[in-house]
Structure formats: structure tokens, C-alpha cells
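Protein chains in written order, with this note's numbering: chain B, 1 to 239; chain X, 1001 to 1239.
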DNA sequence: TATTCCCTCCCCAGAAATAGCGATGCGTGG
DNA sequence: CCACGCATCGCTATTTCTGGGGAGGGAATA
């Protein structure tokens, strides 16, 4: 693989980088190397906010944020349910909003072809690493096939860097739930009400409440729904 | 990178594999190539169950399962909080149970040195990819530094394969939610109660209730908590 | 040995969610 | 043009959840 050396060098540089400029240098170097329109890492935050670095035009980033495109971007929605990298063509562009979004994106300099790698970290962290460009289907297929592995690695390294920079204001967020609390949250998440959960766990409803309360406290949640949502998005329970 | 070709070949073979034997062939080939004691992929289920494939002795796998070592294994616990691959030396072996566990593992043929890569997929899926061997610290450091990138890629491909085999796919492709329903679900998921959601959306609480109800109906959910949980795990909302 | 979880059980009052029944307008697509 | 989904508003009664109190035993850890 001829490209290997260049990528290796950039990744090595990235590993050393300790400033945002270093990261930007890396991402621009990679963009040049791969000859694509854009190369972007962005962290999808739990609040729906997001940030990242990459080569998108600033007005597009602002527009995206302002219009809350996160909610309709098929790339985000599609990647959220996938593990493997995905070509944009294979996403669901059937809705009108999605097509309008795509048309607008292209106007803002986003390529018509794209390839995005979903990345997940602890506590439900979720990020995307995207390359996109303007070319025909065949060229793009060849590109992604040739570079898939490098891109996966690059995505991994960018996310690692992002996690390093993230001050991780999580003093009690990392608190895990007790087995009983996990049981309770899980059963609530699959639609049981308190009485059913208590019966399933063979405990009194009062005891169950203690678990729900303590889980809620640990998760910093305002109510049961919030607690279950947090437990889910942090990967503490699976439904 | 001299090792590249071999790894590429095995990964290509793995991509084609459609049986468990194919996967085992790949993992043994890689074990030989890297000259390590063990190379193991295992899927960690939140319920405590797990499965995987690799080169651990069967009696060790059985013992691990039977003793529920998942709960005390510092590798699992440590990796759960991390994104980047981790050398076993850097984990927390301070507890008595952890040291006893390690001593027993070595007796069962697990190397004294290890390197584990955490991997995460959609819906909180979590897996580990581990190589371990018996050698001194310096040799092991050199090994992990030289092979980190290959190992990350290998881990990625094994997980991709595991996800393909997993019948976990949700066939019930639920209809999507309307924008207002998404708003409602999202705000509920971040802890707002009905009154707060209604105020945030500048609608009456009665109207809000209609959204919650219709979202609940679409999602086939028994209650609000269930609906939010489903919306989250189907990636319809991002929190 | 002391401390700190974890699990279990109990009461009560007030707040919130659910299950029914409505209604009106406004777009989009067949 | 008409149906259908969407957004918006209303009422009542019942069930469920939440937020305060408590208490005791056991296991693990420091």
C-alpha cells in the first residue's frame, strides 16, 4: 500500500500534537494527501450540540448548527445505527428534508460523494469522521475501497485525540450502576411499569423505588425517563 | 511496515469469511503471525453473558464464565472506561480479587503481558480484542508499539464480522417520528417534564401530550419512558 | 475494625402521567 | 379534490410516579 508512509507520518504527528492547531495541520495534510474536498471529524454531543475540526466551510458549519441539521442529516442518523463505515449513497435519502439538506450542503462546498466512519467511546460518546468529494460513483467506490483501512485508523486517532482534549467534566458520571439498578433501568427501558418491574425482580415496589432513586441520583437525572435515557446513551444498559 | 502484507491478507480473508471456522482460521493465522500466546475477540454483553472466538483454552473460558469473572476482570472494567487500547500493566490490579484472578489466568495459559482494544458498536454493543503473551516488559512494549495500528484494524474487522453474525438486527423498521414528536422525545430524554417541554416548545401541555401519545403509538411503547428508550435505541433521537 | 456501599422493606402526600372523549386549520400527495 | 398526516387547542377521571421521611442486615474494602 503505497499511501501507507504518508498516513503513518501524519498519524505519528497527530499523536504528538497537543494543540488544536496541530490537529488542524494533520487534518489538512491528510486532505491534501487523499485529494478530497473535505475531511472532517465531529463529535456529536449528548446535548445535540457538536463540535469538531476539519475542512468544512465555516458558513456551512454555522448553518448546520443553526438549522439543527443534526436531526435530519441522514449521515448522522444512519451512522448512529451502524458500526462499519458507510458510503453516503447507501444511506436513506428518501425524505424530502434529507434531499433538501443534501442539495444545500453541496451548495456550501460539500462533495456529492461521501464516506463516514462512526466512532464510539466510553459513556456513549459518539463521533463521526467523514471524507467527501465531488466525483462519479465509480471513482468514489475505488477511492473508498483503496483507503478504507487507513481511514478507519485515522478516525480512531482523531477520536482519541478529541477524548484527550475533552476535559471530561465527569466526576460522578463515570459512576456505574449496581446490578439491581441495572436490572431496574433495563426493565423500565423495555416498557415495564414499576409494578411489573418489581414483580419481575421479585422485590417489593418500595425496594424498587430505592433502586430507581439511587440510579437517578447517580446518573444526575431529573426523573425516571431521564435516568433511563442517560443509562441508555451511556451504554450502561442495552435494550 | 513489513507486517502489512500478511495482515492485509488475513483481513481480506476475514472479510470474505461467512462461517465461524473462517473466523477461527483468521484468528489463528494472526496469532501465528504475531507470535503471541493468545489472540481473542470477545463480545461483552451487558447482561453479563459473553461469547467470542480466539485461542484461549476452553477450560479457562468455561471457568471465566462460570465464576462470572466479567465483574472483576480489570481488563473489562478498565476498557469499559477507555477508548484507546490499553496495556494490561496500566490497569488497576490493586484489589485482592483482581490479583487472584490474574494469578489464576496465568495458570490457565494466559500470558503475563497483555494488550486489549475496546470496541463499541451501535446500541451500546461492547467488545474486547486482546492479545497476550509471556515476556518481559520491554519486549512487550516494543511489540505493542510496533503493532498497535494493525491490532486496532484487526479488532475493528473482527467486531464488524461479529455484528454481521449477530441476529440482533431489529427487523421492525419503525416509522419515523414527526419533527414535533422528535422535539418532544428529545426534550423528555434530557430530563424535562411535560410542563418544561411544553414551555420550551411554546405549545400547550395538551398539545404536547398528543405528540407524546402519537410517538408512543408509533414506537409501540407502553409509556413515555419506554417511548424515549425506543427512540434512543433506534437512533431516532440523539441525546 | 470502621466505613462504605448494596439490598431489602415501610408510610404518606402531592405531583405527574395516562386513557378516554373531543375540535380546527394547513399542507402534501394520489 | 379529498384523504391523510401534522400541528394546535380543550375537558375529566384514574393510575402511577416522585420526594420526603424511616430501618436493618450483609459484603467488601480500607
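For glycine and all other residues, C-beta sits at the position ideal for the given N, C-alpha and C.
As the structure is a prediction and not an experimental result, all values here were calculated from the model.
Inclusion of residue 41/B and residue 177/B in the CB contact set at 9 Å is not warranted, their separation being larger than that value. A straight line joining the alpha-carbon of residue 147/B with that of residue 1156/X spans about 15 Å.
Per the DSSP secondary-structure output, residue 1038/X pairs in a beta bridge with 1132/X. Here residue 113/B really is in contact with residue 140/B; their C-beta atoms are around 4 Å apart, less than 8 Å.
Per DSSP, reduced to three states, the secondary structure at residue 1114/X is strand. Taking 9 Å as the threshold, the shortest C-beta distance from residue 120/B to chain X falls below it. Per DSSP, reduced to three states, the secondary structure at residue 1126/X is strand. Around the beta carbon of residue 1200/X, fewer than 16 other beta carbons sit within 10 angstroms, so the residue counts as exposed. Using beta-carbon distances, residue 22/B does not count as an interface residue toward chain X, since no partner is under 9 Å. No Cβ of chain B is located within less than 9 Å of the beta carbon of residue 1130/X. Using a Cβ-Cβ cut-off of 9 Å, residue 1144/X does not count as an interface residue toward chain B, since no Cβ of chain B sits closer than that to its own.
In chain X, no part has a C-beta under 8 Å from the C-beta of residue 212/B; the shortest such distance is about 10 Å.
Listed along the chain, the chain X residues whose CB falls inside 7 Å of the CB of residue 149/B are 1153.
At a beta-carbon threshold of 7 Å, the residues of chain B lying near residue 1082/X are 122, ordered along the chain. In terms of Cβ geometry, residue 1150/X and residue 1007/X form a close pair [threshold 9 Å]. Taking 9 Å as the CB threshold, residue 1190/X lines the interface with chain B. According to the DSSP secondary-structure assignment, residue 1146/X is paired through a beta bridge with no residue.
Between the alpha carbons of residue 212/B and residue 1193/X lies a gap of roughly 17 Å. For residue 1203/X, there is no enclosing alpha helix (DSSP H), since its DSSP letter is neither H nor E. Taken through DSSP and simplified to helix, strand or coil, residue 64/B comes out as helix. Residue pairing from DSSP leaves residue 237/B without any beta-bridge partner. Around residue 1059/X, the same chain offers 1108 as residues with beta carbons nearer than 8 Å, after the five sequence neighbours per side are excluded. Between the beta-carbon of residue 1239/X and that of residue 233/B there is about 5 Å, and that keeps the pair under the 8 Å contact cut. Residue 1179/X belongs to the set of residues whose beta carbon lies under 9 Å from a beta carbon in chain B. Between the stretch 1025–1041 of chain X and the stretch 1117–1133 of chain X, the count of C-beta pairs closer than 8 Å reaches three or more; the two stretches touch. Distances from the CA of residue 1054/X to each of 1226/X, 1159/X, 1216/X and 1094/X were compared; the closest alpha carbon is that of 1159/X. Out of 163/B, 19/B and 74/B, the CA that lies nearest to the CA of residue 96/B is found in 74/B.
If you ignore the 5 residues before and after residue 1189/X, its C-beta comes within less than 8 Å of the C-beta of 1228, 1231, 1232, 1237 and 1239, all in its own chain and listed in chain order. Residues of chain B whose Cβ lies closer than 9 Å to the Cβ of residue 1160/X are, in chain order, 83 and 84.
In chain order, 191 and 193 make up the part of chain B whose C-beta sits under 7 Å from the C-beta of residue 1223/X.
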